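Presented below is the structure to which this report refers.
Numbering (UniProt numbering), first residue to last: 1 to 76.
Given below as structure tokens:
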């Protein structure tokens, strides 16, 4: 089963929009962007995403990318 990676559109100011593109192009996963992931303001505080329903976050978008890749490896 391919991992599902979900992003909040309001989180793009951290650079997560570029990370979404890289994930779509380079990895075997399904990437979705929603207007809200109901993180209740989390999108304004830190870069984050959901990987198979589990919230992951990091200090920067680049760090988040690495966290997501590690999570994908865990699921394999």
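In this text, a Cβ means the ideal position worked out from N, Cα and C, and glycines have one as well. Note that the structure is predicted; figures quoted are calculated from it, not measured.
Cβ-based neighbour list, residue i, same chain, cut-off 6 Å, excluding 5 preceding and 5 following
| i | result |
| --- | --- |
| residue 21 | none |
| residue 13 | none |
Residue range of the unbroken alpha helix (DSSP H) whose run includes residue i
| i | result |
| --- | --- |
| residue 19 | 16-26 |
| residue 66 | 61-75 |
C-beta atoms of residue i and residue j nearer than 8 Å
| i | j | result |
| --- | --- | --- |
| residue 7 | residue 33 | yes |
| residue 69 | residue 3 | no |
Residue i to residue j span [Cα, whole Å]
| i | j | result |
| --- | --- | --- |
| residue 10 | residue 57 | 14 Å |
| residue 51 | residue 65 | 11 Å |
| residue 1 | residue 73 | 13 Å |
| residue 31 | residue 24 | 6 Å |
| residue 18 | residue 26 | 12 Å |
| residue 5 | residue 49 | 7 Å |
| residue 53 | residue 43 | 16 Å |
Proximal residues to residue i (C-beta, below 7 Å), its chain only, five neighbours per side dropped
| i | result |
| --- | --- |
| residue 60 | 47 |
| residue 71 | 51, 56 |
Range of the contiguous beta strand (DSSP E) that encloses residue i
| i | result |
| --- | --- |
| residue 8 | 4-8 |
| residue 49 | 48-51 |
| residue 33 | 30-34 |
Beta-carbon proximity list for residue i, same chain, < 8 Å, skipping 5 on both sides
| i | result |
| --- | --- |
| residue 35 | 8, 9, 10 |
Any chain C beta carbon closer than 8 Å to residue i
| i | result |
| --- | --- |
| residue 66 | The structure shown contains no chain C, having only a single protein chain. |
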